[in-house]
Amino acid sequence: MELGPYLILGFLEGLVTAAVLSLMAVGLSLVFGVMRVVNVAHGEFFMIGAVLAWQIASMIGGHPALGFLAALIFAPLLVAVLAMAADQLVLKRIAYDPERTIVATIGLLYIIQQTVLMTYGPDARPVEAPFNERLSIPFVEWADGGLALYWPWGLGTTSYKLAVIGAAIILLAAIWALMTRTRFGLLMRATQLDRETAQAFAIPVNRVYALVFGLGAGLAALGGVLIVPIQQAHYLMGHDPLLLSFIVVIIGGLGSLPGTVVAALLIGVSDGIISVFFTPTLAKIIATLGVAFVLIFRPQGLFGKRAL
Amino acid sequence: MTVRQKSWALHIGLLAALFLLQFILPTYHHGSLARVMVLACYAMGYNILFGYVGLLSLGHALFFATGMYGMGLVIQHLGWPAGPALLAGLAAGFGMALTVGILALRTSGVAFMIVTLMFAQAGYLAALYFGDYTRGDEGFVIQQADRVLAGFDLSDPTNRYFAALLLFGMCLVLTLKLVEARFGQVLVAIRENEERTRMLGYDVHRHKLAAVVASGTTAAFAGAAYGLLFGYAGATFASVQYSIFPLLWVLLGGAGTVIGPFIGTLFMFYLIDLSSGITSAYMLIAGVVLVLLTLFAPQGLAGELRRRRVPWLP
């Protein structure tokens, strides 16, 4: 296979990563933007989303689409409720103090991860995709007498992967509409702008915080449910996406939704393309150092206006 | 007794008690306590930065592992003897702490935490990437023949215990000296009010950098000693978990107290030791303790003690 098909394959895989990553990172960014909370346990919400998807799908028999649909609805809801409980029981009591919330969410990370290890076990388990047709992609080559199409071996994608990309686009549009077109979005933006003034105008800041934390966790869980037919559910699967979504949120500028989506595309696609050519470890080293240097030399991110 | 005499009596007393314990402890706890003392040095190094300057680093495993690999790699690949290798670990840790300090101190608050976390993550991945030399997660054993320092075989439990006690005593006395010195007082002033300290004419940035270097170098020395005393170096010691541990120990024992890191390390070591006998999910305990601490005792054990009973505790 020549270079071109490899690039297209890397780009397509990268788009799937970007789709899931953007959902997760938008959740992280919302929580940071509105509550000024750095949620280190975000990756674990992604992981429970995937694990619950397996649980729900294996409870419901019949056609795989049925179980998957149920998982798509109930897993994020359950995770959101769990996150809201964590917010009320822990974060609210330490008054959202930035350093103490980081320590507390590190604690939550271990509690969630290890509880899953104790109940669900250390195995990776798959969920069947609701539909999974293979689609081959043609590529052009010089044949005698001009350009001709051919189907390189291994270049292709599945209908499910395309559906994931589509679902992410719809969900992101819905989030954008929620933020800009609804009353709840207005309350969120008011709280984000100035917490005390919002409180003075009788906005129930505490309830907004709990809902935002639930919404952020729910988005991460949705990402987990969407990825689980491609990548199996495992109790440590939250680690890498957490790192990547931190990178995305920081590069995109904290609390900036369009910046986050653009950065997710950038990181996801370049991750896909880089890992075609280099080992994933080297790609991760470059990415983590890149984030550190962005924070050091351009703390407002590449698109943001506000420093961390 | 003056406050100063009382605090010296307490800390020297602790060292004397640890010396005497060597003769009565059963073998298993004898080994565990040696480990706890070396790890407590790591925690004390962490405490200089977190407890006294108020800078929360999430990447101290980078320094611990730098010291460990700086020591282990020159033994493994260059055949250096233990003494120079220990110094190589120290020097590597110093260089790493200086570099990270210069870069990371351009940020503050949450950004500082994330930058240190990212540097440590890059270090961990680098240890995996250069697996030909470091043997990655699997790590490598430092042979018994290479673990002889000044004629003492450090693989012998008694020698090992005394080496650990010597190291711990050094760290404890140095930290105590640091707290009493002007330098330490300026660090506390920075923690309490950075702007005001700057206004009083202190060079805040230089003091912070010196604290990062002191903290990182201590952590690296603890890492080098840990590798030498227990004969193993591996990438696990560079992972996020080993950055979280010193934070946990210091928080539990009491940030900004000299004795706190030891109490926290001892308590947590045995808690995890006991619970890993019951379940493989022993990090669950660490998580629960972290959450409970932030909720109910942000000052830690020694901190609460100081607040309630012994206000002179340094």
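Listed in order, the protein sequences are those of chains A and B. Per our numbering, the first sequence runs over residues 844 to 1151. Per our numbering, the second sequence runs over residues 47 to 360. For each residue, glycine too, the CB sits at the ideal point set by N, CA and C.
* To do: Would you check if there are 3 or more beta carbon pairs closer than 8 Å linking the stretch 1108-1117 of chain A to the stretch 890-899 of chain A?
  => no
* Determine which residues of the stretch 151-166 of chain B have a Cβ less than 8 Å from any Cβ of chain A, and write them out in chain order. => 152, 153, 155, 156, 157, 159, 160, 161, 164, 165
* Asked: Hey, is the stretch 917-930 of chain A in contact with the stretch 1057-1066 of chain A, meaning 3+ C-beta pairs nearer than 8 Å?
  -> yes
* To do: Since I believe residue 941 of chain A is in contact with residue 879 of chain A (beta carbons under 8 Å), could you give me their beta-carbon distance rounded to a whole number of angstroms?
  => Taking the first sequence and counting its residues from 1, one reaches residue 879 of chain A at position 36. Taking the first sequence and counting its residues from 1, one reaches residue 941 of chain A at position 98. The Cβ separation is near 7 Å, so the contact holds.
* **For residue 950 of chain A and residue 934 of chain A, the rounded distance between their alpha carbons** => The residue labelled residue 934 of chain A in the question sits at position 91 within the first sequence. The residue labelled residue 950 of chain A in the question sits at position 107 within the first sequence. Looking at the two C-alpha atoms, the distance is approximately 12 Å.
* To do: Could you check what DSSP says for residue 1103 of chain A in three-state terms: helix, strand or coil?
  => As a working note, residue 1103 of chain A is residue 260 in the first sequence. DSSP places residue 1103 of chain A in helix when its eight states are reduced to three.
* To do: Can you tell me the Cβ-Cβ gap for residue 134 of chain B and residue 159 of chain B, rounded? I've got them flagged as a contact below 8 Å.
  => Residue mapping note: residue 134 of chain B aligns to position 88 of the second sequence, counting from 1. Residue mapping note: residue 159 of chain B aligns to position 113 of the second sequence, counting from 1. The pair is not a contact, with the Cβ atoms about 29 Å apart (cut-off 8 Å).
* **Proximal residues to residue 1117 of chain A (C-beta, below 7 Å), its chain only, five neighbours per side dropped** => The residue labelled residue 1117 of chain A in the question sits at position 274 within the first sequence. For residue 1117 of chain A, where only same-chain residues beyond five positions count, the Cβ hits under 7 Å are 1126.
* To do: For my contact list, residue 1077 of chain A and residue 886 of chain A are in at a C-beta cut-off of 8 Å; report their separation, rounded to the angstrom.
  => Start at 1 with the first residue of the first sequence, and residue 1077 of chain A comes out as number 234. Start at 1 with the first residue of the first sequence, and residue 886 of chain A comes out as number 43. Actually they do not touch by this definition, with Cβ atoms about 12 Å apart.
* Asked: With DSSP run on the structure shown, which of helix, strand or coil describes residue 140 of chain B?
  -> Taking the first residue of the second sequence as position 1, residue 140 of chain B is located at position 94. The answer is helix: DSSP assigns residue 140 of chain B an H, G or I state.
* Asked: If we ignore side chains and look at the alpha-carbon of each, how far apart do residue 70 of chain B and residue 146 of chain B end up?
  -> The sequence position of residue 70 of chain B within the second sequence is 24, counting from 1. The sequence position of residue 146 of chain B within the second sequence is 100, counting from 1. So the alpha carbons of these two residues sit roughly 43 Å apart.
* **Buried versus exposed, by CB contacts within 10 Å (16 or more), residue 190 of chain B** => Here residue 190 of chain B refers to the residue found at position 144 when the second sequence is read from its first residue. That one is exposed.
* Given that a residue counts as buried once 16 or more other Cβ atoms are within 10 Å of its Cβ, and exposed if not, what is residue 125 of chain B? -> What you label residue 125 of chain B is simply residue 79 of the second sequence in a count that begins at 1. Counting Cβ neighbours within 10 Å, residue 125 of chain B comes out exposed, since fewer than 16 surround it.
* Between residue 296 of chain B and the rest of its own chain, which residues show a CB-CB distance below 8 Å, the 5 nearest in sequence each way excluded? -> Within the second sequence, residue 296 of chain B is the residue found at index 250, counting from 1. Cβ neighbours of residue 296 of chain B beyond the five flanking positions: 89, 92, 93, 96, 97, 306, 307, 310, 346.
* Would you check if there are 3 or more beta carbon pairs closer than 8 Å linking the stretch 266-286 of chain B to the stretch 103-110 of chain B? => yes
* State buried or exposed for residue 1114 of chain A, treating a residue as buried only when at least 16 other CB atoms are found within 10 Å of its CB. => In the first sequence, the residue the question calls residue 1114 of chain A occupies position 271. Residue 1114 of chain A comes out buried.
* CB contact check: residue 290 of chain B to chain A, cutoff 8 Å -> The residue you call residue 290 of chain B lines up with position 244 of the second sequence. Residue 290 of chain B counts as touching chain A.
* To do: Enumerate in chain order the residues of its own chain whose CB-to-CB distance from residue 199 of chain B is below 8 Å, with the five nearest sequence positions on each side excluded.
  => Within the second sequence, residue 199 of chain B is the residue found at index 153, counting from 1. Result list for residue 199 of chain B: 190, 193, 205, in chain order.
* In terms of residues, what are the limits of the beta strand (DSSP E) holding residue 97 of chain B? -> The residue given as residue 97 of chain B occupies position 51 in the second sequence. Per DSSP, residue 97 of chain B belongs to no beta strand (DSSP E) and is neither H nor E.
* Asked: If we count the other Cβ atoms within 10 Å of its Cβ and call it buried at 16 or more, is residue 123 of chain B buried or exposed?
  -> Sequence index remark: in the second sequence, residue 123 of chain B carries index 77 (1-based). Exposed, since its Cβ has fewer than 16 Cβ neighbours within 10 Å.
* Asked: How would you list, in chain order, the residues of chain A whose beta-carbon sits under 7 Å from the beta-carbon of residue 175 of chain B?
  -> Indexing the second sequence from 1 puts residue 175 of chain B at position 129. Going along chain A in sequence order, the residues near residue 175 of chain B (Cβ under 7 Å) are 1124, 1125, 1128.
* Cβ neighbours of residue 264 of chain B in the same chain (closer than 6 Å, five flanking residues each side left out) -> The count along the second sequence starts at 1 and reaches residue 264 of chain B at position 218. Cβ within range, chain order: 91.
* chain A contact residues for residue 314 of chain B, given Cβ-Cβ distances below 7 Å -> Reading the second sequence from its first residue, position 268 is the one you call residue 314 of chain B. Near residue 314 of chain B there are no residues of chain A at all, since even the closest Cβ is about 13 Å away, more than 7 Å.
* Kindly indicate which three-state DSSP category residue 974 of chain A falls into: helix, strand or coil? => Walking along the first sequence from the start, residue 974 of chain A turns up at place 131. In the structure shown, residue 974 of chain A sits in coil (DSSP, three-state: anything other than H, G, I, E or B).
* Proximal residues of chain A, C-beta to C-beta of residue 329 of chain B below 7 Å -> As a position in the second sequence, residue 329 of chain B is number 283, starting the count at 1. Result: 953, 957.
* residue 956 of chain A: buried (16+ other C-beta within 10 angstroms of its C-beta) or exposed? -> Taking the first sequence and counting its residues from 1, one reaches residue 956 of chain A at position 113. Burial call: buried.
* Asked: Thinking C-beta only, is residue 1128 of chain A closer than 8 Å to residue 168 of chain B?
  -> The sequence position of residue 168 of chain B within the second sequence is 122, counting from 1. The sequence position of residue 1128 of chain A within the first sequence is 285, counting from 1. In this structure, residue 1128 of chain A lies closer than 8 Å to residue 168 of chain B by Cβ.
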